[in-house]
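Just so we're aligned: 11 in numbering that gives the first Met the number 0 is position 12 of the sequence shown, and the numbers increase by one with no gaps anywhere.
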Amino acid sequence: MSSMTLDRATLVTFVLRLADDHLVLGHRLSEWCGHAPMLEEDLAMPNMALDLIGQARALYAYAAEVEGKGRTEDDLAYLRREREYLNCLMVERPNGDFAHTMLRQLYFSAFMEPFWKAVATSSDATLAGIAAKAVKEVAYHIRHAGEWVIRLGDGTEESARRMADAAEALSIYVGELFE
């Protein structure tokens, strides 16, 4: 994608959508801190949340720069009305149980990995730089969430049921990732 081929408003909207997705999902994942099913997850999930929030910060800073209206990344992240956020609905879904959270993370990360890989080749140097870092982080997110989805899906009757319930609940939100 080249910023030269997009008008300023379209580029700002595009970057804000990405930033909002990452910020909201980062905050959702951070809700597990101190509540995850095991100590390792109490460390892993906030780390993934920090990756997402870091990506959001870089995107918000870039959107503010492109917008050119004197707003900062904090203005864009925290000083808009709720209806001004452009995130997809999947990322704002309540965590529910651990299976739901892991499957949501896998869906989002599996979408973002090829997306970030493509953006890393962009002629827009800022977006390419953000993407190059994000590709490394999202690879871990996929591996981590994927292992949990398999473990829960192949686990006990209860964990398999919860994973099936999560798949059913989240399936209606997957298409929005492609908009």
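Cβ atoms here follow ideal geometry from the backbone N, Cα and C, with glycine treated the same way.
Problem set entry | Cβ-based neighbour list, Tyr59, same chain, cut-off 7 Å, excluding 5 preceding and 5 following | Translated into positions along the sequence shown, residue 59 becomes position 60. Correct list, in chain order: Ala18, Glu72, Leu75, Ala76.
Exercise. In its own chain, which residues sit with a C-beta less than 7 Å from the C-beta of Ala109, not counting the 5 before and 5 after it?
Worked result: To locate residue 109, count along the sequence shown from 1; it is residue 110. Excluding sequence neighbours, Ala109 sits near Ile141.
For this session: Counting only the same chain and skipping the five closest in sequence on each side, list residues whose C-beta sits under 6 Å from that of His99.
Result: In the sequence shown, the residue the question calls residue 99 occupies position 100. So the list reads Ala165, once near-sequence residues are dropped.
For this session: Just the C-alpha distance for Tyr172 and Ala62, rounded to the nearest angstrom, thanks.
Result: Along the sequence shown, one-based indexing puts residue 172 at 173. Along the sequence shown, one-based indexing puts residue 62 at 63. If you take the alpha carbons of Tyr172 and Ala62, they lie about 25 Å apart.
Exercise. Tell me which same chain residues have a C-beta within less than 8 Å of the C-beta of Gly67, skipping the five on either side of it?
Worked result: Looking up residue 67 in the sequence shown gives position 68. Excluding residues within five positions, the ones whose Cβ falls inside 8 Å are Arg7.
Problem set entry | Terminal residues of the alpha helix (DSSP H) in which Ser158 lies | Residue 158 sits at position 159 when you count from the first residue of the sequence shown. Element bounds for Ser158: 156-170.
Exercise. Relative to the C-alpha of Phe114, which residue among Thr9, Leu42, Phe13 is closest?
Worked result: The residue you call residue 114 lines up with position 115 of the sequence shown. Of the listed residues, the one whose Cα sits closest to Phe114 is Phe13.
Exercise. Under a three-way DSSP split, which group does Ser121 fall into?
Worked result: For the purposes of this step, residue 121 is identified with residue 122 of the sequence shown, where counting begins at 1. DSSP places Ser121 in coil when its eight states are reduced to three.
Exercise. So Glu178 and Leu88 are in contact, right, with Cβ under 8 Å, and what is the actual spacing, rounded?
Worked result: If you number the sequence shown from 1, residue 178 lands on position 179. If you number the sequence shown from 1, residue 88 lands on position 89. Rounded, the Cβ-Cβ distance is 11 Å, inconsistent with contact.
For this session: Have a look at Tyr139, Gln104, Asp20, Met101 and flag the residue whose alpha-carbon is nearest the alpha-carbon of Arg56.
Result: Your numbering for residue 56 matches position 57 in the sequence shown. Comparing Cα positions, the closest option is Asp20.
Problem set entry | Cβ neighbours of Ser2 in the same chain (closer than 7 Å, five flanking residues each side left out) | Taking the sequence shown and counting its residues from 1, the one referred to as residue 2 is at position 3. Bear in mind that a pLDDT of 43 at Ser2, under 50, signals an unreliable position, so the model cannot answer this.
Exercise. Which full runs of the alpha helix (DSSP H) of 4+ residues lie inside the region 10-81, going along the chain?
Worked result: 38-66, 72-77
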